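Trainee: Take a look at this one; I'll ask things after.
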Amino acid sequence: MRTELSFAKISGIETELLAVLAADTQTAKGPEAKPAPVLLVADAAVKAAAEAVLASGEFKAGANETLLIHAPAGLRAKRLLVVGLGKAAKVTADGLRSAAGTAVRFAKPRGLRALAFALPQTEVAAAASTQAIVEGALIGDFDADTYRSDRKDKSIQSFVLVADANVKAAVETSFAEGVILAESQNFARTLVHAPGNKMTPTILAERAATMAAEVGLKAEISSTEKIHELKMGAFWSVAQGSADAEPPALIVLRYEPEGVKDGPVLGLVGKGLTFDSGGISIKPSSDMDKMKSDMAGGAAMLGAMRAIALLKPKVRVIAVVCATENMPDGKAQKPGDVQTAMSGKTIEILNTDAEGRLVLADGITYAKQLGATHLIDAATLTGACVVALGMVTAGTFSNDDETYAKFEKAIEISGEKFWRLPIGDEYAELIKSDIADIKNTGGRWGGAITAAEFLHVFAEDTPWIHLDIAGQALIETTRPDMAKCASGVAVRSIVAWTRQF
Ligand code: BES
Ligand code: MN
Ligand code: ZN
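Residue 136 in the numbering used here sits at position 135 of the sequence shown, with consecutive numbering throughout.
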């Protein structure tokens, strides 16, 4: 999809589809209070073209509600699409992102390939609106039918955001940044969307290396030998069951901006399970297919690194992605085994399906060894987190309030939903083992938290944030603004976090 900013007069724009936004200005409540939709454009011709249908009461300007007008009078656009934003007093950048996605996903199945979108004037600043809208458009354009033999590319060819000339200076940078962020999120989605047979650890590493070369990151890819050399006993314990058939990959990417020789080094650590069968503690077969997405944390880190390389913040960043399958086999690890992690800590394996924390343990230790002063990890780590927060909100955990405050700012920018859950000594108690330093499960209750405490053992006192995205990696219900497939969650938030340093 080609994206472009235009400062032309809206009514003069020739396009297949011109999208404008409307919000409900009704503030009264009760049965008498009819919705009062108002168009968020100044152009008199656009207003006139939509006037009659807005007055009819058929369109309420609810969030992502759409209304199509053919051959709108006084406009050069062939069609006028009005997209609702909901209550005028509650308009957010996230609502704008979603509305742009909705417009694109309205156009796609109708074979409309060119779309112009009017930048609305709302409480949200023009720069933030611009970024959100171009992100929403690109994210909305992504579709999931890539493996169909009769695939018809319904992708939008051209998306033009039309803004007022007086905001030109304010919106140009945000527009370019929005494109980078959304394309990086879509890059992550492509990786997550691919099934296990088409996204093995080796292929994931190749994709990371190709991307790194394209955007100018340093990449080091290694496998079994290096994992042994580094004494990554926890990572290897997961990989050993399939290493002969499908070797693991240790992916390291580095962003080293010129002239930045000191200051913090951010370590991005991702869980890269290209397929999680559970291993010997095998999962039930229903929904096991979803475990192709168990590398979504790793993909988020790769997507974030792509964006970082292009946005060029003045801070050094290292990404470590531990990629492997988790499979049952004669060589697979067994419940009861004891493993020695890279840090020297010993781990009693009670459940081979609690494998994400094992690969992350060594990924975290390695990131620290490579110089990381601040850590963030992302993982589809626990079903318990999904039980706690549902599919809407992801879990986050941190050992450092100052570092976490930067993440809070980041999610304000990204619009992604995260909720901080507690950690602490009483939870750490639950993963103490009778025979080793720790065990890899903490019992039935608070499973997302005991998993976080497991990672904390390896992060130690290094400021660290853990993102549990188990419920958000795949969108499982159809949405107006985004296809039902991999979401690319966390990419934008991680990038926004790195830009706070
Ligand atoms: N990859 C799963 C977690 C998961 C569950 C991701 C649902 C996405 C959707 C993880 O490796 C896992 O199996 N976790 C176990 C841990 C348990 C054995 C302590 C879980 O959550 O059941
Ligand atoms: Mn598992
Ligand atoms: Zn897993």
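Positions of the beta carbon are idealized from the N, C-alpha and C atoms, including for glycine. This structure is a prediction, so every number in the text was calculated from the model and none was measured.
#1: Does Lys272 pass the burial test, meaning 16 or more other C-beta atoms within 10 Å, or should it be called exposed?
#2: Looking at C-alpha atoms only, which residue of Asp482, Ser282, Thr381 is the closest neighbour of Gly337?
#3: With respect to the alpha helix (DSSP H) encompassing Glu173, which residues constitute its N-terminal and C-terminal limits?
#4: Please report how far the alpha carbon of Lys35 lies from the alpha carbon of Ala395, in whole angstroms.
#5: Would you call Thr26 buried or exposed, if buried means 16 or more other Cβ atoms sit within 10 Å of its Cβ?
#6: Going by DSSP in three states, Tyr405 sits in which element: helix, strand or coil?
#7: Excluding the 5 residues flanking Ile157 on each side, which residues of the same chain have their C-beta closer than 7 Å to its C-beta?
#8: Just the C-alpha distance for Glu409 and Lys79, rounded to the nearest angstrom, thanks.
#9: Between Leu81, Ala126, Leu40, which lies nearest to Ala89 when the distance is taken from Cα to Cα?
#10: Please confirm whether Glu66 and Phe60 have their CB atoms less than 8 Å apart.
#11: Drop a sphere of 10 angstroms on the beta-carbon of Tyr367, count the other beta-carbons inside from all chains shown, and report buried for 16 or more, exposed for fewer.
#12: Give me whichever residues DSSP pairs with His467 in a beta bridge.
#13: Excluding the 5 residues flanking Ser185 on each side, which residues of the same chain have their C-beta closer than 6 Å to its C-beta?
#14: Is DSSP giving Asp142 helix, strand or coil here?
#15: Sort Ala183, Ser344, Ala170, Gly372 by Cα distance to Ile495 and report the nearest one.
#16: Please name the residue or residues paired with Arg317 in a DSSP beta bridge.
#17: Per DSSP, which one or two residues make a beta bridge with Glu326?
#18: For Glu247, is the classification buried or exposed, using 16 other Cβ atoms within 10 angstroms of its Cβ as the cut-off for buried?
#19: From the DSSP output, read off the bridge partner residues of Asp25.
#20: Does ligand 2 have a heavy atom nearer than 7 Å to the CB of Gly279?
#21: Taking just the CA atoms, how far does Asp482 sit from Gly99?
#22: Give the C-beta separation of Asp288 and Leu382 to the nearest angstrom, bearing in mind that I take them to be a contact with Cβ-Cβ under 8 Å.
#23: Quick test of your reading: Leu376 and Ala460, contact by CB under 8 Å. State the CB separation rounded to the nearest angstrom.
#24: Say the cut is 7 Å; is the CB of Glu356 nearer than that to a heavy atom of ligand 1?
#25: What three-state label does DSSP hand Ser434 in the structure shown?
#26: In angstroms, rounded to a whole number, what distance separates the CA positions of Ala300 and Ala389?
#27: Verify the contact flag: Thr353, CB atom, against every heavy atom of ligand 3, threshold strictly below 7 Å.
#28: How about Arg317 and Val266: do their beta carbons lie closer than 8 Å?
#29: Distance check for Ala220 and Ile552, CA to CA, integer angstroms please.
#30: Within the continuous beta strand (DSSP E) that includes Arg421, where are the two ends?
#31: Ordered along the chain, which non-local residues of its own chain (more than five positions away) have a Cβ less than 6 Å from that of Thr103?
#32: Quick check on DSSP: helix, strand or coil for Phe8?
#33: Run through the DSSP bridge pairs and tell me what Ile548 is partnered with.
#34: Out of Leu422, Thr211, Ile252, state which residue places its alpha-carbon closest to the alpha-carbon of Ile365.
#35: Based on DSSP bridge pairs, tell me the residues matched to Glu349.
#36: Considering Ser494, what are the terminal residues of the beta strand (DSSP E) in which it resides?
Mentor: Short version:
#1: In the sequence shown, residue 272 corresponds to position 271, counting from 1. Classification of Lys272: buried, given that the 10 Å Cβ count is 16 or more.
#2: Taking the sequence shown and counting its residues from 1, one reaches residue 337 at position 336. For the options Asp482, Ser282, Thr381, the alpha carbon positioned closest to that of Gly337 is the one of Ser282.
#3: As a working note, residue 173 is residue 172 in the sequence shown. Per DSSP, Glu173 belongs to the alpha helix (DSSP H) from 169-194.
#4: Looking up residue 35 in the sequence shown gives position 34. Looking up residue 395 in the sequence shown gives position 394. Rounded to whole angstroms, Lys35 and Ala395 show a C-alpha spacing of 36 Å.
#5: Walking along the sequence shown from the start, residue 26 turns up at place 25. With fewer than 16 other Cβ atoms within 10 Å, it is exposed.
#6: Counting from 1 along the sequence shown, the entry for residue 405 is found at position 404. Per DSSP, reduced to three states, the secondary structure at Tyr405 is helical.
#7: In the sequence shown, the residue the question calls residue 157 occupies position 156. Correct list, in chain order: Met2, Val105, Ala108, Lys109, Arg114, Leu116, Asp142.
#8: The residue labelled residue 409 in the question sits at position 408 within the sequence shown. The residue labelled residue 79 in the question sits at position 78 within the sequence shown. The alpha-carbon atoms of Glu409 and Lys79 are separated by roughly 43 Å.
#9: Translated into the one-based positions of the sequence shown, residue 89 becomes position 88. Of Leu81, Ala126, Leu40, the residue nearest in Cα terms is Leu40.
#10: On the sequence shown, position 65 is the one that residue 66 refers to. On the sequence shown, position 59 is the one that residue 60 refers to. Cβ atoms of Glu66 and Phe60: closer than 8 Å.
#11: The residue given as residue 367 occupies position 366 in the sequence shown. With 16 or more other Cβ atoms within 10 Å, it is buried.
#12: Indexing the sequence shown from 1 puts residue 467 at position 466. DSSP lists Asp378, Phe398 as the beta-bridge partner residues of His467.
#13: Residue numbering aside, residue 185 sits at position 184 when the sequence shown is read from its first letter. The answer, listed in chain order, is Gly304, Arg307, Ala308, Val492.
#14: Counting from one through the sequence shown, the residue named residue 142 turns up at place 141. Here Asp142 sits in helix by DSSP.
#15: On the sequence shown, position 494 is the one that residue 495 refers to. Among Ala183, Ser344, Ala170, Gly372, the Cα nearest to that of Ile495 is on Ala183.
#16: Against the sequence shown, residue 317 aligns to sequence position 316. According to DSSP, which records beta bridges pairwise, Arg317 is partnered with Val266.
#17: Counted from its first residue, the sequence shown places residue 326 at position 325. Phe276, per the DSSP bridge assignment.
#18: Mapped onto the sequence shown, residue 247 falls at position 246. Buried, by the Cβ-count rule.
#19: By one-based count along the sequence shown, residue 25 stands at place 24. Note: Asp25 sits in a beta bridge opposite Pro38, Lys88.
#20: Counting from 1 along the sequence shown, the entry for residue 279 is found at position 278. Here the distance from the Cβ of Gly279 to the nearest heavy atom of ligand 2 is below 7 Å.
#21: Residue numbering aside, residue 99 sits at position 98 when the sequence shown is read from its first letter. Residue numbering aside, residue 482 sits at position 481 when the sequence shown is read from its first letter. Inspection of the sequence shows that residue 99 is occupied by Ser rather than by Gly. Taking the straight line joining both Cα atoms gives about 5 Å.
#22: By 1-based counting over the sequence shown, the position of residue 288 is 287. By 1-based counting over the sequence shown, the position of residue 382 is 381. Rounded, the Cβ-Cβ distance is 16 Å, inconsistent with contact.
#23: The residue labelled residue 376 in the question sits at position 375 within the sequence shown. The residue labelled residue 460 in the question sits at position 459 within the sequence shown. The C-beta distance from Leu376 to Ala460 rounds to 6 Å, short enough to fall under 8 Å.
#24: As a working note, residue 356 is residue 355 in the sequence shown. Annotation for Glu356 indicates a beta carbon within 7 Å of some heavy atom of ligand 1.
#25: Walking along the sequence shown from the start, residue 434 turns up at place 433. Judged by DSSP in its simplified three-state form, Ser434 adopts coil rather than helix or strand.
#26: Residue 300 sits at position 299 when you count from the first residue of the sequence shown. Residue 389 sits at position 388 when you count from the first residue of the sequence shown. Taking the straight line from one Cα to the other gives about 24 Å.
#27: Numbered from its first residue, the sequence shown carries residue 353 at position 352. The answer is no for Thr353.
#28: Position 316 of the sequence shown, counting from 1, holds the residue named residue 317. Position 265 of the sequence shown, counting from 1, holds the residue named residue 266. Yes, Cβ-Cβ distance for Arg317 and Val266 is below 8 Å.
#29: The chain is shown from 2 up to 502; residue 552 falls before or after that span and cannot be answered.
#30: To locate residue 421, count along the sequence shown from 1; it is residue 420. It spans 419-421 - the beta strand (DSSP E) in which Arg421 sits, taken as one unbroken run.
#31: Here residue 103 corresponds to residue number 102 of the sequence shown, with the count starting at 1. For Thr103, where only same-chain residues beyond five positions count, the Cβ hits under 6 Å are Asn65, Val84, Pro481, Asp482.
#32: Within the sequence shown, residue 8 is the residue found at index 7, counting from 1. DSSP places Phe8 in coil when its eight states are reduced to three.
#33: Given that the chain is displayed from residue 2 to residue 502, the structure contains no residue 548 and the question cannot be resolved.
#34: The sequence position of residue 365 within the sequence shown is 364, counting from 1. When each option's Cα is compared against that of Ile365, the closest is Ile252.
#35: In the sequence shown, counting from the first residue as 1, residue 349 sits at position 348. Glu349 is bridged to Val339, Lys440.
#36: In the sequence shown, the residue the question calls residue 494 occupies position 493. Premise fails: Ser494 lies in the alpha helix (DSSP H), 492-499, not in any beta strand (DSSP E).
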